[in-house]
Amino acid sequence: MPKSHLHIKALLAAGALALLNLNTASADDWPAWRGPKGNGISMESEAPMKWSASENIAWRTEIPGRGRSSPIVSGDRVFVTTGVEDDQSRRVICISRTDGKILWSQSVHSGPGGKMHQDNTMASSTPATDGERVFAAFVDDQGMKVVALDMDGKLLWTVTPGTYYSNHGFAASPVIYGDGVIINGHQDGTAFVVMLNRKTGDEIWRYTPAVNQRSFSTPVLTQYEGSDQLILTGSQQTLGLNPATGEKLWSASGPTEKFVCTPSVGHGMVFSFGGSPDKKSLAVKLGGAGDVSETHVVWRSERAMPYVPSPLLVGDYLHIVNDLGVYTCIEPVTGKVLHTARALGSTYSSPIAVGDRIYMFEDTGKCTIFENRPGFHVLAKNSIDEEMYTTPAISNGQLFVRTTTAMLCISE
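Its first residue numbered 3, the sequence shown is counted upward by one per residue in this note's numbering.
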């Protein structure tokens, strides 16, 4: 849509501060998928080390319907989304972090869920918040729906940025940047990435790939030599966009066809993992322009790669847990495997870090806490004894865990 030069300049100015704002988010908040920086790393230094189904559980709240979105936390409130099959509604639910009481449950859309994988749900996209509004994305058999609510549950706007068709359904989560919220609409149908104004829902920019690109992955923001980039994965492609304008900056072929996990960024590189039809990964050095497949790809691998669980880069170690529970520690700059072991059970959860500790949940509700160094040195093992397929949030020294039926607050 047409945009004035003044609007572009204002957006660029806001964007210049976006990553700074993201990096200085309150340590008490976990405002989006994979936390304050979208990388799975908590800004805090402490989190619970010991719990069970009956020990150190501050509260447990039943959640209606089904959803595989992960919780987010802002101030004294916890937010999750769910899909209720009886009335085909999509809901955003707000829970008091103090006592687990449901403060409000707002139905924001209703309609058939459309095609999806048997493990997917009508609410698998994790919401995001800027502290004033909550943003959520869903799809039905007609297209994608993006909504914004205020912190009291009032629906502020609803936008349908495009049609959406995928045999596997939808899972990408909103990403907040500057004055906008970015949604990845890569799919089997007409693919797109769109940025909407946070206050109004108006479209700021739209990126349309030359070919439809299949991806269920949430993008991640990074900064290289003073410039912001939005890192995405799509069909046989890893790429970077200018998050202020939607302009394509660079792309590298691979590593594979379908993507679910979010890429990792660090050491001036992007680490991209794809899981279908082949489990492959690659590392791309930032700083290139156009097609960088032959100039900036540092390494490629086909060893024990994940499909759903996202990688976790903490300092000099890249931690990988694949869907079957095989753990691999990689030296990120070289791709050298430092350690690998079948250490865990099957999982759709992604690892998160607090200080030098890694927390990894399995589908059964078991959690292994291990050190951020090669060798898989276990510090503790705990279990909530409930089935779960989500990634927990950490806020103010507490763990917030969503199971298939409930939200739990773990607190020592």
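Note that beta-carbon positions come from the ideal geometry of N, C-alpha and C, so glycine has one too.
Continuous alpha helix (DSSP H) assignments of at least 4 residues falling wholly in the segment 45-112 | The qualifying runs do not exist here; there are none.
Should the segment 230-250 be called in touch with the segment 137-145, which here means at least 3 C-beta pairs below 8 Å?
-> no
Buried versus exposed, by CB contacts within 10 Å (16 or more), Arg302 | exposed
Tell me, which residues are paired with Ile412 by DSSP?
-> Answer by DSSP bridge pairing, in chain order: Ile59, Leu401.
Rounded to a whole number of angstroms, what is the C-alpha to C-alpha distance between Val403 and Glu296?
-> 42 Å
CB-CB under 7 Å to Val323, same chain, minus the five flanking residues each way: which ones, in chain order?
-> Pro308, Pro311, Tyr329, Leu346, Thr349, Pro353, Met362
Could you check how far apart the C-beta atoms of Trp35 and Thr220 are, in whole angstroms? I think they sit under 8 Å.
-> Contact between Trp35 and Thr220 holds: CB atoms are separated by about 5 Å, below the 8 Å threshold.
Segment contact flag, the segment 200-209 with the segment 53-71, C-beta cutoff 8 Å, min 3 pairs = no
So the beta strand (DSSP E) Asn239 belongs to, where does it begin and stop?
-> Rather than Asn, the amino acid found at residue 239 in this sequence is Gln. 239-243 is the span of the beta strand (DSSP E), which, as asked, contains Gln239.
Let me know the secondary structure DSSP gives Thr131 once reduced to three states.
-> strand
Give a yes or no on whether the C-beta atoms belonging to Leu151 and Val94 are separated by under 8 Å.
-> yes
Roughly how many angstroms separate the alpha carbons of Lys281 and Gln238, rounded to a whole number?
-> 12 Å
Measure the Cβ-Cβ separation of Glu87 and Arg70 and say whether it is below 8 Å.
-> no
Using the beta-carbon count (16 or more within 10 Å), is Arg135 buried or exposed?
-> buried
With distances taken between CB atoms, is the gap from Pro266 to Leu315 smaller than 8 Å?
-> Looking at the sequence shown, residue 266 is not Pro but Ser. In this structure, Leu315 lies closer than 8 Å to Ser266 by Cβ.
Nearest-angstrom Cα separation, counted from Ser109 out to Thr407 = About 18 Å.
Residue range of the beta strand (DSSP E) that Gly268 falls in?
-> Where Gly268 is concerned, the enclosing beta strand (DSSP E) stretches over 266-268.
Check whether the Cβ atoms of Tyr415 and Gly182 lie closer than 8 Å to each other.
-> Here the chain comprises residues numbered 3 to 414, so residue 415 is not present and cannot be evaluated.
Chain-order list of residues whose beta-carbon lies under 6 Å from that of Arg79 (same chain, five-residue window excluded) = Cys96
Given that a residue counts as buried once 16 or more other Cβ atoms are within 10 Å of its Cβ, and exposed if not, what is Gln144?
-> exposed
With DSSP run on the structure shown, which of helix, strand or coil describes His321?
-> His321 sits in a strand when the DSSP states are folded into three classes.
Residue span of the beta strand (DSSP E) that contains Phe363, given as start and end = 359-363
Check the DSSP bridge columns for Trp32 and list the partner residues they point to.
-> Val75
Outcome for Ser255 when other beta-carbon atoms lying within 10 angstroms are tallied against a minimum of 16 = Looking at its Cβ environment, which holds fewer than 16 other Cβ atoms inside 10 Å, Ser255 is exposed.
Rounded to a whole number of angstroms, what is the C-alpha to C-alpha distance between Arg359 and Ala382?
-> 10 Å
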